[in-house]
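As structure tokens, the structure follows; a few thoughts come after it.
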Amino acid sequence: MGLMKTGIPGLDEVFKGGILEGSSVLVTGAPGTGKTIFALQFIAEGLRNKEPCLYITSEESAASLRRYAKEIGAEIEKHEDGLLQIYEQDLTSRKILSLEEPLNAIKTRGIKRIVLDSLTLFEYVYYESKIDFRKGILDFIKHTKKMGSTLLATSEKTNLEIDEIKFSAQDFIFEGLVHLTMIRKGSMFERCIHIPKMRGQDHLLDIFPMSITEKGMVVHTKQIPFSLIEQDVMKSRRK
Ligand SMILES: Nc1ncnc2c1ncn2[C@@H]1O[C@H](COP(=O)(O)OP(=O)(O)OP(=O)(O)O)[C@@H](O)[C@H]1O
Ligand SMILES: [Mg+2]
Numbered sequence: 004m005g006l007m008k009t010g011i012p013g014l015d016e017v018f019k020g021g022i023l024e025g026s027s028v029l030v031t032g033a034p035g036t037g038k039t040i041f042a043l044q045f046i047a048e049g050l051r052n053k054e055p056c057l058y059i060t061s062e063e064s065a066a067s068l069r070r071y072a073k074e075i076g077a078e079i080e081k082h083e084d085g086l087l088q089i090y091e092q093d094l095t096s097r098k099i100l101s102l103e104e105p106l107n108a109i110k111t112r113g114i115k116r117i118v119l120d121s122l123t124l125f126e127y128v129y130y131e132s133k134i135d136f137r138k139g140i141l142d143f144i145k146h147t148k149k150m151g152s153t154l155l156a157t158s159e160k161t162n163l164e165i166d167e168i169k170f171s172a173q174d175f176i177f178e179g180l181v182h183l184t185m186i187r188k189g190s191m192f193e194r195c196i197h198i199p200k201m202r203g204q205d206h207l208l209d210i211f212p213m214s215i216t217e218k219g220m221v222v223h224t225k226q227i228p229f230s231l232i233e234q235d236v237m238k239s240r241r242k
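Everything in the sequence shown is counted per the numbering used here, starting at 4 for the first residue and increasing by one.
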């Protein structure tokens, strides 16, 4: 299996080439940390490489996703009749939510990249028990792997700071985990990214600063987070 480029400048260096094709990666972080932008750039990279892509969205409507993509320079709309299929699942809908449609698309369309934004959708589909929810995710991952697709899912964390993050059950299920955080320094916040795990693959473990602009997300691999350095200095002074 080869390595798949993420489409995020700097990040493939952290992954030492990209993420393993056919793997499952969870991008997790507090609100506004950049999960949807990450997902959009991952899909935009696939479209640039002429790969069939599927975007399952339960957080935003397909229309707002198209607008959002345009804002960060990732044109996805023009591919919708061909390489890209957006599957919108409204969590407020009274319809019984099901994963049948996206699962069929994965089976029949030779999808290379799948985005699931976010895993909350599974909490609605498998609402009866935590075991059902876990099994549902495991089955979905098994299915996507069998079809040779690479899965990137997003999930929410309630803690913003990296030292305070608590792992949840789903963090253990996925092969790869990416943390998006914001570290406070005085009245400012610095965006950071960290890869705690990527099964079967070597990667950098450092915490890197990243920024989000009208061009999307960029990881600064030659820098270290200034906010963390200052926190560490303060801690050592107190000792
Ligand atoms: N064009 C832009 N230029 C600069 N910053 C932007 C731009 N678009 C978005 N952002 C910043 O990126 C942040 C992250 O956006 P994104 O929607 O990816 O977060 P998210 O983690 O998916 O949030 P949520 O959990 O609410 O879905 C926004 O809150 C905003 O601060
Ligand atoms: Mg989002």
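Ideal Cβ positions, reconstructed from N, Cα and C, are used throughout, including at glycine. Computed from a prediction, not measured in an experiment: that's the story for all the values here.
Quick one: using the 10 Å Cβ neighbour count with 16 as the cut-off for buried, is residue i buried or exposed?
i	result
Asp84	exposed
Tyr129	buried
Phe34	It is Pro, not Phe, that sits at residue 34 in the sequence shown. Classification for Pro34: exposed.
Leu94	exposed
Ile134	exposed
Thr153	buried
Gln226	exposed
Give me the Cα-Cα distance between residue i and residue j, rounded to the nearest whole angstrom.
i	j	result
Gln92	Leu100	7 Å
Val30	Lys38	6 Å
Glu16	Glu131	41 Å
Val28	His197	13 Å
Gly189	Glu164	14 Å
Pro228	Arg194	9 Å
Ile40	Met237	33 Å
Glu167	Thr111	42 Å
Lys218	Phe125	31 Å
Val118	Ala42	6 Å
Asp235	Lys138	40 Å
Ser214	Lys98	38 Å
Thr161	Val221	23 Å
Phe143	Gly113	16 Å
Ile75	Gln44	9 Å
Can you round the beta-carbon distance between residue i and residue j to whole angstroms, since I take them to be within the 8 Å contact cut?
i	j	result
Lys8	Gly21	5 Å
Ser230	Arg202	Actually they do not touch by this definition, with Cβ atoms about 30 Å apart.
Who are the near neighbours of residue i in its chain, counting only those whose CB is closer than 7 Å to its CB and skipping five residues on each side?
i	result
Gly49	Cys56, Lys115 and Arg116
Ser158	Leu29, Thr31, Ser121, Leu122 and Gln173
Glu233	Lys188
So, at 6 Å on beta carbons, what are the nonlocal neighbours of residue i in its own chain, with the 5 sequence-adjacent residues on each side left out?
i	result
Glu5	Note that residue 5 corresponds to Gly in the displayed sequence, not to Glu. Closer than 6 Å at Cβ, skipping near neighbours: Glu24.
Ala47	Gly10 and Ala77
Leu180	Leu29, Asp174, Pro199 and Lys200
Gln204	Leu23
Ala156	Leu29, Leu119 and Leu122
Leaving out five residues on either side along the sequence, give the residues of the same chain with a beta carbon under 8 Å from the beta carbon of residue i.
i	result
Tyr90	Leu57, Tyr58, Ile59, Thr60, Glu104, Pro105 and Ala108
Below 6 Å from a heavy atom of ligand 1 - residues by beta-carbon: Gly32, Pro34, Gly35, Thr36, Gly37, Lys38, Thr39, Ile40, Glu62, Glu74, Ile75, Glu159, Ile215, Thr216 and Glu217
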